[in-house]
Structures are given as structure tokens and as C-alpha cells.
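Colleague: Here my numbering is used: the first residue of the sequence shown is 7, the next is one more, and so on.
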Amino acid sequence: MNRDTPPTADGGNAFWQERRVCFLTTHRPDGTPHLVPVGVTYDPEAGIARVISDGASRKVRNVRAAGPAARAAVSQADGRRWCTLEGTAVIKDDPESVAEAERRYTERYKPPRVNPNRVVIEITVTRAMGTAKPAGW
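1. State the DSSP-derived secondary structure class of residue 92, mapped to helix, strand or coil.
2. Rank 120, 134, 112 and 138 by C-alpha distance to the C-alpha of residue 47 and give the top, closest one.
3. Rounded to whole angstroms, what is the Cα-Cα separation between residue 119 and residue 131?
4. Which value, in whole angstroms, describes the spacing of the CA atoms of residue 70 and residue 31?
5. Output the residue ranges of the alpha helix (DSSP H) runs that lie fully inside the stretch 48 to 80 and measure 4 residues or longer, sorted by chain position.
6. Looking only at C-alpha atoms, which of 82, 60 and 77 sits nearest to residue 108?
7. In the DSSP assignment, find the unbroken alpha helix (DSSP H) run with residue 109 in it and report its ends.
8. Could you pull out every residue in the same chain whose Cβ sits closer than 8 angstroms to the Cβ of residue 110, ignoring the five residues on either side in sequence?
9. Which same chain residues end up closer than 8 angstroms to residue 63 when comparing Cβ atoms and leaving out the 5 residues on each side of it in sequence?
10. Measuring alpha carbon to alpha carbon, tell me which of 124, 24, 101 and 29 ends up nearest residue 78.
11. Hey, could you find the ends of the beta strand (DSSP E) residue 130 is sitting in?
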């Protein structure tokens with residue numbers, strides 16, 4: 007864990023509950039970064055960031071192609087407040103994982119559109135950086 011920036015007074019947890027567009031970075035098979043706007047939810051107790059997506063999307067294909075070594079980062083900013091969460095990414099397509107990700111997405115944003123091909127990119131966070139890092143970082 008990287009703890010080189012002091013957390014904010016609320017530990018940054020509220021920052022990850024406020025509605026805002028975030029960005030996800032994955033790596034294409036050729037190693038170049040792929041950066042896209044997404045909705046992200048963060049579970050500080052489990053240390054997991056989740057992104058819902060269509061199973062055929064480029065971001066999902068990138069994570070699958072990288073296999074167990076897949077790394078990803080999610081980031082958000084609001085003026086001078088910002089935070090990036092980095093970690094190991096996996097794709098989950100089981101109904102329980104998808105339903106949990108949709109529930110969390112609904113809490114932060116709004117109910118997602120129906121998508122029978124939906125999967126979840128789960129990032130096990132190993133590093134947090136920024137001025138609004140979650141509690142414990």
C-alpha cells in the first residue's frame with residue numbers, strides 16, 4: 007500500500023460516494039494505455055472498486071487479455087480534490103457479482119440500463135493516491 011499523501015479529514019470515503027464521472031485506465035495488448043470515462047463504485051471495507059460494462063467492450067477485453075497480471079486504475083477529480091485507486095483487475099460475470107455491482111452503481115448514480123451482456127470489472131485496490139484518499143490510506 008502506498009500511504010505517502012495524508013488522507014482528508016473524512017478519509018476520502020465521501021468523495022467516492024458523490025456522483026461524478028470517473029476514468030478507468032487499462033492496457034491494450036500492445037501495452038498502450040486505454041483511458042475511458044466510467045462510473046465507479048468503491049467499497050472501502052473490501053478494498054474493491056467496481057466498474058460495470060458490456061462484456062464485449064475494449065476495457066473488458068483488455069483486462070481479459072492481460073489475465074491474472076491485469077492492472078487497472080480508476081480516478082476522479084473535483085477541482086483540487088482528486089484520488090486515483092490502482093490495483094489488480096478481474097472480470098466477473100456471475101449473476102451475484104453483477105447484481106451487487108448494479109446495486110452499488112444505482113446507489114451512487116442511477117439504475118443502469120438493462121444489459122444482458124453486463125459484466126463487472128473488479129479492481130482489488132493496492133494503492134491510493136491523491137488529496138481525497140479513502141480512510142486507511
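Backbone N, C-alpha and C fix where the C-beta goes; we use that ideal spot for every residue, glycine too.
Modeller: Walking through what the data contain:
1. If DSSP states are grouped into helix, strand and coil, residue 92 belongs with the strands.
2. 112
3. 27 angstroms
4. 14 angstroms
5. 64 to 72
6. 60
7. 101 to 114
8. 47, 49 and 56
9. none
10. 29
11. 124 to 136
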